[in-house]
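The structure appears right after this line, and notes come after that.
This is the structure:
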């Protein structure tokens with residue numbers, strides 16, 4: 001937002017903004033200027049949340065009564081409509097402005113509004129016979145392409161090769177999660193591509209630094225969440241102009257349109273926008289991909305589509321629907337459009353424009369999408385994707401399917417609801433389905449009531465032997481255990497993030513990044529090792545986010561233990577006792593004896609680890625059955641001996 005005001009002032013326009021991030025004296029100065037007889041401010045940016053306050057609304061009425069409020073401009077107006085892809089309740093309250101300021105002209109601006117959204121915006125703002133100016137949604141200079149993760153060995157490597165093949169271009173990569181932004185940015189940097197992560201998990205200073213580096217082309221690629229662009233280009237999307245006059249209203253409105261489009265991040269040379277995860281709606285995809293090629297030069301929009309990404313987004317959208325209202329199915333229908341764009345055949349440009357109610361003949365595409373340029377190749381990929389999906393998931397193109405799948409290698413997404421993990425508890429406890437099959441066999445006709453106890457025990461024993469035999473052949477590790485590989489990967493992740501933060505902050509040479517990362521990982525493992533790898537991995541992700549937002553003091557305080565340990569391990573070598581090497585002396589009996597050193601060695605404490613507690617052996621079912629047989633046979637032998645001893649006595653009595 002600061003960049004927007006600077007850009008306006010460079011154009012000779014006196015502009016200011018009101019934000020909670022500003023110092024109090026700066027805001028007071030702006031309010032004093034507005035209350036003066038002739039304000040110097042000509043264009044003021046505020047948020048919809050500020051408009052809703054009674055104090056600021058009263059100030060607007062005073063300005064209006066003095067004839068100073070000449071226009072209300074609302075940028076990103078699609079946020080007003082509940083049918084829009086980025087609906088915000090605070091925007092909906094802007095309709096109250098028409099009640100208090102009914103005769104002030106209103107200008108609503110948006111780049112992504114389907115016909116239904118346009119009508120809803122007009123009705124919500126109570127616009128009377130509005131002049132609607134719109135251009136085509138077609139961006140002929142953008143080449144649209146979809147790549148399928150399920151058909152690629154490594155999506156990270158494929159993206160790196162794609163960026164390198166395009167040369168030193170400016171690019172934006174959108175990811176669904178913050179952790180994915182960090183991981184992908186580190187991977188790109190390790191391959192020699194200048195990149196940086198940008199998301200809400202970073203503090204404002206770090207975000208500003210990353211943004212400035214990207215705008216100045218110091219960084220080639222910025223890897224961001226979908227908030228990038230919305231919060232940067234439109235951080236304060238509600239503006240007031242004090243210099244628009246009714247006699248030249250139309251010309252002024254056109255100028256305002258150009259003004260609001262070009263202020264903010266004026267990065268026209270973005271050659272590629274890549275979506276590493278499937279977006280939630282076609283409107284979001286169009287707006288984000290539209291940040292490429294604003295200089296009208298050839299650019300690319302690349303979308304990496306994966307079945308697992310689709311399921312994850314379905315899960316998020318279904319949860320949002322349940323929280324809002326059970327009858328709301330709009331997010332689901334919007335996402336189906338994106339799935340059709342990725343999984344369907346035919347011109348991709350035509351699919352985009354049809355979503356906005358614009359008819360587009362396929363011949364006009366002129367091979368500016370992969371489906372029109374390489375139709376056979378795309379058809380083959382779709383067929384292979386369907387086959388792969390059917391083989392892995394026993395389904396193909398099934399929308400809104402189960403979303404209880406975890407991410408790759410058992411890692412949990414930061415969007416995952418851990419409260420629902422109980423549904424998978426049975427699956428995680430058991431390593432195999434063999435025991436389930438054995439239990440079913442026990443309930444079958446083999447163990448009918450007609451069978452005796454011995455026959456049932458024999459069947460149970462046989463079932464256990466078969467299970468143990470198969471379990472020996474296929475030995476699986478516990479699904480919920482934290483492996484050493486996962487721990488090492490977590491240490492490396494913490495180490496990479498810590499090195500980046502230490503390099504950015506500077507002045508923290510006393511912190512050993514290697515030992516500090518091991519300390520943080522061990523802290524997470526100690527707390528959550530018993531809870532399982534889901535909670536452990538979630539804590540690692542939380543620690544990585546904390547490192548990205550921590551200040552120098554916070555880092556020093558938390559890692560003070562590591563700093564003190566490093567200092568203790570580095571005593572002066574002059575104070576250490578010097579010992580001479582021992583000599584081996586052969587005694588008469590042939591044993592080797594070490595000569596006593598002239599310098600006495602310091603006494604060392606002998607730490608004796610406690611002896612392991614011996615637990616009683618728990619017999620298996622087979623051992624239990626065998627012991628029972630032995631006892632039964634022994635009792636039979638004893639009874640036979642007793643009967644043999646008693647028989648002669650009875651015979652004697654008869655005699």
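Residue numbers (UniProt numbering): 1 to 655. C-beta atoms are modelled at their ideal positions from N, C-alpha and C, and glycine is treated no differently.
Open item on the list: Quick check on the burial criterion: 16 or more other C-beta atoms within 10 angstroms. Buried or exposed for residue 362?
Closed with: By the beta-carbon neighbour count (other beta carbons within 10 angstroms, threshold 16), residue 362 is exposed.
Task: Nearest neighbour of residue 372, chosen from 352, 356, 345 [CA to CA] - done: 345
Task: Validate contact between the stretch 543–557 and the stretch 195–203 using beta carbons, cut 8 Å, 3 pairs - done: Yes: at least three Cβ pairs fall under 8 Å.
Task: Member of 34, 531, 44, 359 whose CA lies at the smallest distance from the CA of residue 136 - done: Of 34, 531, 44, 359, the residue nearest in Cα terms is 359.
TODO: Give the single residue among 320, 279, 145, 156 whose Cα lies nearest to the Cα of residue 348.
DONE: 145
- [ ] Can you tell me the Cβ-Cβ gap for residue 114 and residue 357, rounded? I've got them flagged as a contact below 8 Å.
- [x] The beta-carbon distance between residue 114 and residue 357, rounded to whole angstroms, is 6 Å. This is short enough to meet the 8 Å contact definition.
Task: 8 Å contact criterion, which residue 309 and residue 278 should meet: CB distance rounded - done: Separation of the CB atoms of residue 309 and residue 278 is rounded to 5 Å, and the pair is thereby assigned contact status at 8 Å.
- [ ] Name the two residues that bound the continuous alpha helix (DSSP H) containing residue 300.
- [x] Run containing residue 300: none in the alpha helix (DSSP H); it sits in the beta strand (DSSP E), 299–305.
- [ ] Return helix, strand or coil for residue 543, following the three-state DSSP convention.
- [x] The three-state secondary structure of residue 543, taken from DSSP, is helix.
Task: Segments of 4+ residues assigned as alpha helix (DSSP H) that fall wholly inside the stretch 486–560 - done: 513–528, 533–549, 552–558
TODO: Would you check if the distance between the CB atom of residue 44 and the CB atom of residue 16 is smaller than 8 Å?
DONE: yes
Task: Beta-carbon proximity check, residue 490 vs residue 521, cutoff 8 Å - done: yes
Task: Chain-order list of residues whose beta-carbon lies under 7 Å from that of residue 27 (same chain, five-residue window excluded) - done: 18
TODO: Give a yes or no on contact between the stretch 181–201 and the stretch 283–297, applying the rule of three or more CB pairs nearer than 8 Å.
DONE: no
TODO: Take residue 224 as the anchor and find which of 276, 543, 501 has the nearest alpha-carbon.
DONE: 276
Task: Buried or exposed (CB count within 10 angstroms, at least 16 for buried), residue 298 - done: exposed
Open item on the list: For residue 195, report the span of its beta strand (DSSP E) as first-last.
Closed with: Secondary structure note for residue 195: its beta strand (DSSP E) is the uninterrupted segment 195–198.
Task: Residues sharing a beta bridge with residue 143, DSSP - done: For residue 143, DSSP records a beta bridge to 300.
Open item on the list: Less than 8 Å between the beta carbons of residue 381 and residue 148, yes or no?
Closed with: Yes, the Cβ-Cβ distance between residue 381 and residue 148 is below 8 Å.
Task: Secondary structure of residue 127, DSSP reduced to three states - done: Residue state, collapsed to three classes: coil.
Open item on the list: Using 8 Å as the threshold, is the C-beta distance between residue 388 and residue 159 below it?
Closed with: Their beta carbons are not under 8 Å apart, which means residue 388 does not touch residue 159 by this criterion.
Task: Boundaries (first-last residue) of the beta strand (DSSP E) holding residue 348 - done: Element bounds for residue 348: not the beta strand (DSSP E) but the alpha helix (DSSP H), 348–355.
Task: Secondary structure of residue 271, DSSP reduced to three states - done: In this structure, residue 271 counts as strand in the three-state DSSP scheme.
- [ ] Grab the span of the alpha helix (DSSP H) containing residue 30 for me, first residue to last.
- [x] 24–35
Open item on the list: Output needed for residue 651: all residues of its chain with C-beta closer than 7 Å, excluding positions within five of it in sequence on either side, in chain order.
Closed with: Confidence in residue 651 is poor, its pLDDT being 44 and thus under 50, which makes the residue's placement unreliable; the coordinate value appears in the next sentence. For residue 651, same chain residues with a beta-carbon under 7 Å away, outside a window of 5 residues either side, do not exist.
Open item on the list: Short of 7 Å in beta carbon distance, which residues of its chain neighbour residue 495, apart from the five on each side in sequence? Order them along the chain.
Closed with: Non-local C-beta neighbours of residue 495 in its own chain, meaning closer than 7 Å and more than five positions away in sequence, comprise 513, 514, 517, ordered along the chain.
TODO: May I have the straight-line CA-CA distance separating residue 33 from residue 73, to the nearest angstrom?
DONE: 21 Å
Task: Whole-number beta carbon distance between residue 101 and residue 69, since they are thought to touch under 8 Å - done: With 8 Å as the limit, residue 69 and residue 101 qualify as a contact, their Cβ atoms being about 7 Å apart.
TODO: Report yes if the CB atom of residue 216 is closer than 8 Å to the CB atom of residue 170, and no otherwise.
DONE: Against a cut-off of 8 Å, the Cβ pair of residue 170 and residue 216 comes out as no contact.
Task: Of the listed residues 210, 289, 125, nearest to residue 504 (C-alpha basis) - done: The shortest C-alpha to C-alpha distance from residue 504 to any of 210, 289, 125 is the one to 210.
Open item on the list: Determine whether the beta carbon atoms of residue 545 and residue 61 lie at a separation below 8 Å.
Closed with: no
Open item on the list: Tell me the DSSP secondary structure of residue 482 in three-state form.
Closed with: coil
Open item on the list: Which of the three DSSP states is assigned to residue 387 in this structure?
Closed with: Three-state result, residue 387: helix.
Task: Closest by C-alpha distance to residue 37, when choosing among 10, 65, 54, 534 - done: 65
Task: Outcome for residue 379 when other beta-carbon atoms lying within 10 angstroms are tallied against a minimum of 16 - done: With fewer than 16 Cβ atoms within 10 Å of its Cβ, residue 379 is classed as exposed.
Open item on the list: What does the Cβ neighbour count give for residue 51, buried or exposed, with the cut at 16 atoms within 10 Å?
Closed with: Buried is the call here.
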